[in-house]
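Numbering (this note's numbering), first residue to last: 1 to 443.
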């Protein structure tokens, strides 16, 4: 097989890129609309940021079925045995739904206590609790959609998730405007509750579309069937390793938001804007990481080492270029970007003081995300787990405490995140070069 061309990579990457930005668009839409309210906008914006961080943790931790499913299905596709794995997705989806229900039951009654751990107080705590108790109701629909997306991606189909994600994002924007601000004589303004309901309705619509298109466009059934598939143990091992890895990732984000909150409401509001823009850039680059994952999985199944190595080199060049372009665009639009989200001078001052750190990290982040995708495609979830554990507990947490000691505040938070990204990237690069590129790692 010849090396994949830029056009072939883009055929998978661009739809995945568009689909990938749906979730950060949901958060950024809430952020922009809430930040421009006339009643307590700073408190409400801080609450959206805190709850968004916690929900992202839940989605990332329990949504690992997508990566595991995509890897296994892509490998079977590459080996020419796709029919042998068609009953696995339904079993994975059922597991995801059971997990989602368990999360709702175990967190809903303790929402206030959860957000007190984030240093939320007074109005911010009240808003966080209200917002979360509505948003969490959409969690089962999100995990269902994630599992279906993983199935499509394993089949080398990134267009269907794109269509669904774009529809969900547009619906969320429309509902945000209608429910938050209201329609005179028809719908009363619902403030932060309206933003939460808008997201839930969008998540339900996306889940219904995902199930429908999986049923209509593939031979993969939606109803689980016994006995358990022979790949379930490997699938669960992958999910478990990614579960631990994602817990470590979200421990990083927890400490980041906790320190940011401790500096005051203007700081956490500025952090909310900056981190959501960081997530948006991450998801833009993640389209190529997704392409890397599903193509790597297919090449792994076909045992095509030479093309896999060439693919990795090409993806890295693309990612570094895209990361650099995002940074340049951010510097060009530096002032307008802040004003898009908030008008409060105190918040803008904090945001402008740290946004440059987010921007200069983008090329490094791009390389890290590409390696994440490649190693997921290889099925080397244990390697990803161990690297992130070291990056979080050996690098990030000591760094943020030291930087806080020197009173660097938000600057310290984002410098620690930069160290964390470097610690995620370097070991994967060295492993790939030493083991995979040199053909010392069995494929």
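Cβ atoms here follow ideal geometry from the backbone N, Cα and C, with glycine treated the same way.
Taking the Cβ atoms as the reference, residue 69 lies roughly 14 Å from residue 158, outside the contact range of under 8 Å. Closest in alpha carbon position to residue 420, among 255, 299, 19, is 255. For the 8 Å CB-CB criterion, residue 99 and residue 143 form a contact. Within the same chain, 281, 323, 326, 327 come within 6 Å of residue 362 by CB-CB distance, once the 5 residues on both sides are set aside.
In the three-state DSSP reduction, residue 220 falls in the coil class, being neither helix nor strand.
Residue 214 is a Cβ neighbour of residue 220, given a cutoff of 8 Å. Only exposed fits residue 185, as fewer than 16 other CB atoms lie within 10 angstroms of its CB. Here the region 125-136 makes no contact with the region 256-276; the two share fewer than three CB pairs at distances below 8 Å. Nearest neighbour of residue 194 by Cα position, chosen from 388, 33, 414, turns out to be 33. For the pair residue 181 and residue 73, the Cα-to-Cα distance works out to about 44 Å. Residues 288, 289, 292, 315, 316, 319 of the same chain have their beta carbon placed closer than 7 Å to that of residue 370, with the five preceding and five following residues left out of the count.
In summary, residue 128 is buried, with 16 or more beta-carbon neighbours lying within 10 Å of its beta-carbon over all protein chains present.
When only Cα atoms are considered, residue 231 and residue 347 end up about 50 Å apart. Contact check for residue 155 against residue 246 fails: the beta carbons are separated by 8 Å or more. Residue 359 places its beta carbon 8 Å or farther from that of residue 338. Shortest Cα-Cα distance from residue 242 to any of 262, 408, 93, 382 involves 382. Nearest Cα to residue 120 within the set 8, 389, 50, 79: 50. Excluding sequence positions up to five before and after residue 178, its CB lies within less than 7 Å of the CB of 187, all in the same chain and listed in chain order.
Excluding sequence positions up to five before and after residue 267, its CB lies within less than 7 Å of the CB of 260, 350, 409, 410, all in the same chain and listed in chain order. Residue 187 is bridged by DSSP to 183. If you draw a straight line from the Cα of residue 123 to the Cα of residue 41, it comes to about 11 Å. Of the other Cβ atoms in all chains shown, 16 or more fall within 10 Å of the Cβ of residue 191; this residue is therefore buried.
The beta carbon of residue 210 lies closer than 6 Å to those of 145, 148, 164 in the same chain, with the five residues before and after it left out. Within its own chain, the residues whose Cβ lies closer than 7 Å to the Cβ of residue 55, once the five positions on either side in sequence are excluded, are 135, listed in chain order. The shortest C-alpha to C-alpha distance from residue 118 to any of 97, 86, 257 is the one to 257.
Per DSSP, reduced to three states, the secondary structure at residue 5 is coil, with no helix or strand assignment.
Residue 162 is not a Cβ neighbour of residue 395, given a cutoff of 8 Å.
In the DSSP annotation of this structure, residue 228 is not part of any alpha helix (DSSP H), being labelled neither H nor E. DSSP, read as helix, strand or coil, puts residue 158 in coil. Here the alpha carbons of residue 90 and residue 200 stand approximately 23 Å from one another.
Residue 394 carries a helical assignment under DSSP once its states are collapsed to helix, strand and coil. Residue state for residue 413 is assigned as helix, using DSSP reduced to three classes. Secondary structure at residue 407: coil, using DSSP grouped into helix, strand and coil.
For residue 313, the three-state secondary structure derived from DSSP is helix. Residue 412 sits away from residue 71, with the two beta carbons spaced by 8 Å or more. Around residue 111, the same chain offers 129, 132, 133 as residues with beta carbons nearer than 6 Å, after the five sequence neighbours per side are excluded.
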